[in-house]
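*Asks:* Protein sequence lines, in the order shown, are assigned to chains L and H.
Heads up: the first sequence at position 55 corresponds to 38 in my numbering, and the numbers run straight through without jumps.
Heads up: the second sequence at position 253 corresponds to 236 in my numbering, and the numbers run straight through without jumps.
For glycine and all other residues, C-beta sits at the position ideal for the given N, C-alpha and C.
There are 2 protein chains.
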Amino acid sequence: MHEGSVGVVKTKYFTFAEPPDDMELECGHKLGPVTLAYETYGTLDAGRSNAILIVHALSGDAHVAGYNAPSDKKPGWWDNMVGPGKAFDTRQYHVICSNIIGGCKGTTGPSSINPATGKPYGLSLPIITVKDMVRAQKRLIDHLGIEQLLCVVGGSMGGMQVLQWAVSYPDAVKLAIPIASTARLSPQAIAFDAVGRQAIMADPNWKDGDYYGGRAPVAGLAVARMVGHITYLSDKSMHQKFGRDLVGEPSYDFNIDFQVESYLGHQGDTFVKRFDANSYLYITKAMDYFDLAQEGGGSLQKALAGVKARFLVVSFTSDWLFPSYQSKEIVTALRRNNKDVSYAEIRSDYGHDAFLLEVEALSKLIVNFLHYARSEAGYHDAAV
Amino acid sequence: MHEGSVGVVKTKYFTFAEPPDDMELECGHKLGPVTLAYETYGTLDAGRSNAILIVHALSGDAHVAGYNAPSDKKPGWWDNMVGPGKAFDTRQYHVICSNIIGGCKGTTGPSSINPATGKPYGLSLPIITVKDMVRAQKRLIDHLGIEQLLCVVGGSMGGMQVLQWAVSYPDAVKLAIPIASTARLSPQAIAFDAVGRQAIMADPNWKDGDYYGGRAPVAGLAVARMVGHITYLSDKSMHQKFGRDLVGEPSYDFNIDFQVESYLGHQGDTFVKRFDANSYLYITKAMDYFDLAQEGGGSLQKALAGVKARFLVVSFTSDWLFPSYQSKEIVTALRRNNKDVSYAEIRSDYGHDAFLLEVEALSKLIVNFLHYARSEAGYHDAAV
């Protein structure tokens, strides 16, 4: 199933809103102009009915598959799922992936230049919510001339966006696939986010977010990333991957001794080269604030009452950051509304990271879901 | 059962080793003189047979019960377990609690003055292991004229010391009670420790540990403590304790929004007032290095082959830092050696912190264990 690559793709940019058409954010402030980075793969069919929007997690970007340049060593972040013959088969589907606002990968975020000052926004960027991210994506989809997405799919915070899409724009989403996600973070997950933010803000180079052009708070950001990485793995996968193996003889000092320390250190070091600390603050805050039940006055069931999408909800047994019980809450709320929902809990030791790693199991589920939904749609169309 | 207080107690100090009698540490370096802070409660009986040694966890100290001054607002850290009529009944037992070397509560550690230089050790203090901690405690027990402890008991890292006591000094330990403990940390637990250390060492005030007399790396230490605290609670207890409750209206900035953030922030802030960052490094490193199986050439069963103590091993269902499977490994290894071992897994939502909170269940188990063991001993004595 994992055959071809989409090859070399170019990131595109869509900018909307000169005043007075600034984007109104959930926090009450306005933002504009807003630029979204996005990529597309495959061809939009004549009926504009085969578009799939992939929405990404905390540290993702628009570059979901293929290579941005022939010299690139690594493909996009979900390359094993997107391409000819893969789960999101680019021979059949027009795949779109949009970077989120608040991020640092080409979309308007804290490191972007504020046109009003000519300087990076820093903390003058208003707080962004998941709903804001989705609203901006809707502008992009409108711009692309697509009235209804065949599918919106994403893992982790991507799944939050999927849920928000289905609630905010019920007519624009035919199929929804939230993977390893939740309608709201647990207090434990909020706590981990809060610690990561504290680590960044405790870094003297952070300077209240006004560090652009100077030294970035890389030490704090590295600690935040290390904390995050622990929560993406499972106890079992860490046993399998590292055990208590040492990198050499015991150092008998405070250098790195264990393989797991070396791995985390490496994750921290590479992350700070590709990610902006302020974006880490904005995006984790968006995740913490996200609570879909608020759309229903505190009731998740009410929040989901108006969705029209058919759902495939997927969770992983060893995911303790977005545990299965949270996916089940979504499934229950949908079923109580008599919505069409399939649920799969995939047996995996990979923890939260499973949504990036369990390609085989995920592909099978998704291919069947897309196929079934399309043929059902065809059947209905024929019956009408 | 939780009747009386031991009242006002005074911390005592025991110093051993003028050269050439310096303490030889596991890392190969020597340390001396070494001072241990300790407290005692209750009366040692004529046969010196009723002494119970309590060993503490990461941030504990010698002050396990009662008050150091009449004006103290808070009693010792396990006051609900130690005192007249309590689990460790000071009317029956002579209770001793010793602070660990490497710590910062009166026992020789990185903040102590190095007599060779007249300045605090800082990182010139050699790495301390759990075995070293126990060896120093053995010197104290010898000094107190006690040949055999009726019982050694402790939770978390205290449990590691209990295990080491039983292995290093089999004739000196009659009963051993490791609670919420392990024969070795999981890679996940090592990872959390490593992140805490990184947070401290990334604080520019840390200065390679040479910060005494100047500004301490309190921001880094606070982050380390916050990470630690998340691992001491359970997902469920955090739901019960905080849920997703806000402290007020959403701030729409990076100030504290959620109750759980406020709690963690408070834990971090108060911890830095009472704990030394370097001690945090030394003690977490000791925990990471601890691997009892090494005493048996890699086999836990062999490591425990020579113990003579009768064991009560206790774990808690929701403890994911020192999970029950780790206690079961100890129990299995003991049973394969035909040792006398009781095991209790206490149903609790409190996570790792349960060893400090499940007073009722713990007291019952411990009172019965001590009582049974003593009456058995009496029976054996009579039969001889």
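Leaving out the 5 sequence neighbours to the left and right, which residues in its chain are closer than 7 Å to Q284 of chain H when beta-carbon positions are compared?
*Replies:* Hits under 7 Å: A316, R319 and N320.
*Asks:* In the region 87 to 168 of chain L, which residue ranges form an unbroken alpha helix (DSSP H) of at least 4 residues, counting only runs that do not cross its ends?
*Replies:* Fully enclosed alpha helix (DSSP H) runs of 4 or longer: 113 to 126 and 140 to 151.
*Asks:* For S94 of chain H, is the beta carbon positioned less than 6 Å from some heavy atom of the ligand NAP?
*Replies:* Among the components of this structure there are no ligands whatsoever, and the ligand NAP is therefore not found.
*Asks:* Who are the Cβ neighbours of I239 of chain L in its own chain at under 8 Å, not counting the five residues just before and after it?
*Replies:* Contacts found: V230, S245 and G248.
*Asks:* Classify S368 of chain H as buried or exposed, calling it buried when 16 or more other Cβ atoms lie within 10 Å of its own Cβ.
*Replies:* No answer is possible for residue 368 of chain H: the residues shown for chain H start at -16 and end at 367.
*Asks:* For K224 of chain L, report the span of its beta strand (DSSP E) as first-last.
*Replies:* It is not in any beta strand (DSSP E) - K224 of chain L instead sits in the alpha helix (DSSP H) that spans D218 to K224.
*Asks:* Going by Cα to Cα distance, which pick from L:V297, L:W303 and L:M209 is closest to K311 of chain L?
*Replies:* Nearest option by C-alpha distance: L:V297.
*Asks:* To the nearest whole angstrom, what separates the beta carbons of N261 of chain L and G192 of chain L, a pair I think is in contact under 8 Å?
*Replies:* About 5 Å; that satisfies the 8 Å criterion.
*Asks:* Show which residues of chain L have a CB atom less than 7 Å away from the CB atom of G279 of chain H.
*Replies:* Those within 7 Å of G279 of chain H in chain L number zero; the least Cβ separation is about 15 Å.
*Asks:* At a Cβ cut of 9 Å, what residues of the region 267 to 278 of chain H count as close to chain L, listed as they run along the chain?
*Replies:* Against chain L - using a Cβ distance shorter than 9 Å - the residues of the region 267 to 278 of chain H are K268, D271, Y272 and D274.
*Asks:* Which full runs of the beta strand (DSSP E) of 3+ residues lie inside the region 38 to 73 of chain H, going along the chain?
*Replies:* For the region 38 to 73 of chain H, not a single whole beta strand (DSSP E) run of length 3 or above is found.
*Asks:* Can you find a CB in chain L that lies within less than 7 Å of the CB of Y76 of chain H?
*Replies:* By this cut-off, Y76 of chain H is not an interface position.
*Asks:* My parser needs the alpha helix (DSSP H) runs of 4 or more residues fully inside the region 284 to 346 of chain H; what are they?
*Replies:* List check, alpha helix (DSSP H) in window: 307 to 319 and 337 to 340.
*Asks:* Roughly how many angstroms lie between the CA atoms of S217 of chain L and L304 of chain L, to the nearest whole one?
*Replies:* C-alpha separation (whole angstroms): 9 Å.
*Asks:* Excluding the 5 residues preceding and the 5 following V367 of chain H in the sequence, name in chain order all residues of the same chain whose CB lies nearer than 8 Å to its CB.
*Replies:* The predicted position of V367 of chain H is uncertain, since its pLDDT is 34 and thus under 50; a value taken from the coordinates is nonetheless stated next. Within the same chain, V367 of chain H has no close Cβ partners at all.
*Asks:* Please return the same chain residues whose Cβ sits closer than 6 Å to the Cβ of M140 of chain L, not counting the five positions on each side in sequence.
*Replies:* The residues are A40, L41 and M270.
*Asks:* May I ask which residues mark the beginning and end of the beta strand (DSSP E) holding V78 of chain H?
*Replies:* Here the beta strand (DSSP E) through V78 of chain H covers H77 to S81.
*Asks:* Hey, L275 of chain L and L127 of chain L are a contact pair by Cβ (cut 8 Å); roughly how many whole angstroms apart?
*Replies:* Contact flag wrong, Cβ pair sits at about 26 Å.
*Asks:* Is D274 of chain H helix, strand or coil by DSSP?
*Replies:* Note: D274 of chain H maps to strand in three-state DSSP.
*Asks:* If we define contact as Cβ-Cβ less than 7 Å, is I173 of chain L a contact residue for chain H?
*Replies:* Chain H, which has a Cβ nearer than 7 Å to the Cβ of I173 of chain L, makes this yes.
*Asks:* What are the partner residues of M6 of chain L, as DSSP defines its beta bridges?
*Replies:* For M6 of chain L, which the question treats as bridged, DSSP gives the partners L:L14.
*Asks:* Can you pull out the residues from the region 152 to 178 of chain L whose beta carbon lies closer than 7 Å to at least one beta carbon of chain H?
*Replies:* Those residues of the region 152 to 178 of chain L that come within reach of chain H (Cβ to Cβ, closer than 7 Å) are R167, S169, P170, Q171, I173, A174, F175, A177 and V178.
*Asks:* Quick check on the burial criterion: 16 or more other C-beta atoms within 10 angstroms. Buried or exposed for A52 of chain H?
*Replies:* Exposed, by the Cβ-count rule.
*Asks:* If we cut at 7 Å on Cβ distances, does P187 of chain L have a partner in chain H?
*Replies:* Yes, P187 of chain L counts as interfacial toward chain H.
*Asks:* Tell me which same chain residues have a C-beta within less than 8 Å of the C-beta of Y21 of chain H, skipping the five on either side of it?
*Replies:* Around Y21 of chain H: T(-6), K(-5), Y(-4), F(-3), A45, I79, C80, S81, N82 and L123.
*Asks:* Have a look at Q242 of chain L and L168 of chain H and give me their C-alpha separation to the nearest angstrom.
*Replies:* Each residue's alpha carbon lies about 14 Å from the other.
*Asks:* Classify I35 of chain H as helix, strand or coil using the three-state DSSP reduction.
*Replies:* Of the three classes helix, strand and coil, the one that applies to I35 of chain H here is strand, per DSSP.
*Asks:* Spatial neighbours of A0 of chain H within its chain, please: C-beta separation below 7 Å, excluding the five flanking residues on both sides.
*Replies:* Cβ within range, chain order: M6, G15, P16 and V17.
*Asks:* Which residues, in chain order, does the region 210 to 235 of chain H contribute to contact with chain L at a C-beta distance below 7 Å?
*Replies:* For the region 210 to 235 of chain H, which is checked against every Cβ of chain L, the residues closer than 7 Å are V210, I213, D218, M221, H222, F225, G226, R227, P233 and Y235.
*Asks:* Report, in whole angstroms, the separation of the C-beta atoms of R208 of chain H and I129 of chain H, which I expect to be a contact under 8 Å.
*Replies:* Going by Cβ atoms, the distance from R208 of chain H to I129 of chain H rounds to 35 Å, so no, they are not a contact pair.
*Asks:* My output table needs one value for L353 of chain H: the three-state DSSP class, helix, strand or coil.
*Replies:* In this structure, L353 of chain H counts as helix in the three-state DSSP scheme.
*Asks:* Using CA atoms only, rank isn't needed, just tell me which of H:F237, H:D55 and H:G43 is closest to I84 of chain H.
*Replies:* Comparing Cα-Cα distances from I84 of chain H to each of H:F237, H:D55 and H:G43, the minimum goes to H:G43.
*Asks:* For the beta strand (DSSP E) that Y195 of chain H lies in, which residues bound it at each end?
*Replies:* Segment: none, Y195 of chain H is in no beta strand (DSSP E) and carries neither H nor E.
*Asks:* Counting only C-beta atoms, is G361 of chain L closer than 7 Å to chain H at any point?
*Replies:* The predicted model places G361 of chain L with a pLDDT of 49, which falls under 50 and marks its position as unreliable, so this point remains unresolved.
*Asks:* Let me confirm a value: S95 of chain L is counted as buried when at least 16 other C-beta atoms fall within 10 Å, else exposed. Which label applies?
*Replies:* By the neighbour-count rule (16 or more Cβ atoms within 10 Å), S95 of chain L is buried.
*Asks:* How about G203 of chain H and A185 of chain H: do their beta carbons lie closer than 7 Å?
*Replies:* In this structure, A185 of chain H lies closer than 7 Å to G203 of chain H by Cβ.
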